[in-house]
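Asker: Got a structure for you, questions after.
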């Protein structure tokens, strides 16, 4: 009876770990579009020619400048990093102790000094390590202005989700844009977005296949020692 209970407990634990091995992906809506809160317009006076709702800015371009305006971010990210290290250390030690004398002469046995000692120690360490990483991200994503900062800079954020036959892929970005860096076509390269937070990932079969499970990550952390 006790063995059956133990086997059932082990099976339940393995099922729980297997359920936790797949990472729950992020869901849409983390960076929702910002909808501007426009103040209520006063009712037009009877017979007036000018209507605020039909006004046209004759001396403004189409660049984003207000909360809720859209701006296209051209993703052009290139990163490459490499690092190598090499360490060599060695230490040697040698100690000799002469034979002490007793009653004016060395202590011997069968004509050999028996109290003299000599020992040596030798330590050596050699280690090498290297790492290399490169990333590239291209594409376009249109985001909205979430806030206009006191100095005139724009806080932008947005996301793009693509539903594919084997899962979903998404791009999320947030950061601060200087209006002077916005091009005439209302776009800006990603390397000009200050304090940028760019995420490119996905959910589904293919991303999960490239992600180790919980049990694998647990043993990789502690083994090999």
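In my numbering, the protein residues as written are 13 to 237. We put the beta carbon where it would ideally sit given N, CA and C, even for glycine.
Assuming residue 165 contacts residue 84 (C-beta within less than 8 angstroms), just tell me the rounded distance between them.
Answerer: With a Cβ gap of about 17 angstroms, residue 165 and residue 84 do not count as contacting.
Asker: Considering Cα atoms alone, identify which of 93, 190, 207 and 174 is closest to residue 270.
Answerer: Since the displayed the chain opens at 13 and closes at 237, residue 270 lies outside it and no answer follows.
Asker: May I ask you to report which of helix, strand or coil DSSP gives residue 95?
Answerer: Looking at residue 95 - three-state DSSP - the assignment turns out to be strand.
Asker: With DSSP as the reference, please indicate the residues paired to residue 86 in a beta bridge.
Answerer: For residue 86, which the question treats as bridged, DSSP gives the partners 152 and 201.
Asker: Looking only at C-alpha atoms, which of 76, 150 and 213 sits nearest to residue 86?
Answerer: Among 76, 150 and 213, the Cα nearest to that of residue 86 belongs to 150.
Asker: State the DSSP-derived secondary structure class of residue 193, mapped to helix, strand or coil.
Answerer: Residue 193: helix per DSSP, three-state reduction.
Asker: Give every residue of the same chain whose Cβ lies closer than 7 angstroms to the Cβ of residue 193, excluding the five residues on either side of it in the sequence, and list them in chain order.
Answerer: Excluding sequence neighbours, residue 193 sits near 200 and 204.
Asker: Taking 7 angstroms as the limit between beta carbons, can you name the residues of its chain near residue 145, skipping five residues before and five after?
Answerer: Here the set comprises 93.
Asker: Give every residue of the same chain whose Cβ lies closer than 6 angstroms to the Cβ of residue 95, excluding the five residues on either side of it in the sequence, and list them in chain order.
Answerer: Answer for residue 95: 143, listed in chain order.
Asker: Taking residue 179 as the reference, give the member of 105, 98 and 213 with the closest Cα.
Answerer: Nearest option by C-alpha distance: 213.
Asker: Alpha carbon to alpha carbon, what distance is there between residue 131 and residue 102?
Answerer: Approximately 17 angstroms between the Cα atoms of the pair.
Asker: What residue range is occupied by the uninterrupted beta strand (DSSP E) comprising residue 176?
Answerer: Residue 176 -> beta strand (DSSP E) spans 166-176.
Asker: With burial defined as no fewer than 16 other Cβ atoms inside 10 Å of the residue's Cβ, what is the status of residue 209: buried or exposed?
Answerer: The residue is exposed, with fewer than 16 neighbouring Cβ atoms inside 10 Å.
Asker: In the DSSP assignment, what residue or residues form a beta bridge with residue 7?
Answerer: Absent from the structure is residue 7, since the part of the chain shown begins at 13 and ends at 237.
Asker: How many Å lie between residue 97 and residue 138 at the Cα?
Answerer: Distance between the alpha carbons of residue 97 and residue 138 is about 11 angstroms.
Asker: What three-state label does DSSP hand residue 147 in the structure shown?
Answerer: Here residue 147 sits in strand by DSSP.
Asker: Between residue 172 and residue 183, is the Cβ-Cβ spacing less than 7 angstroms?
Answerer: Result yes, Cβ atoms of residue 172 and residue 183 sit closer than 7 angstroms.
Asker: Alpha carbon to alpha carbon, how far is residue 177 from residue 187? Give it in angstroms, no decimals.
Answerer: Each residue's alpha carbon lies about 31 angstroms from the other.
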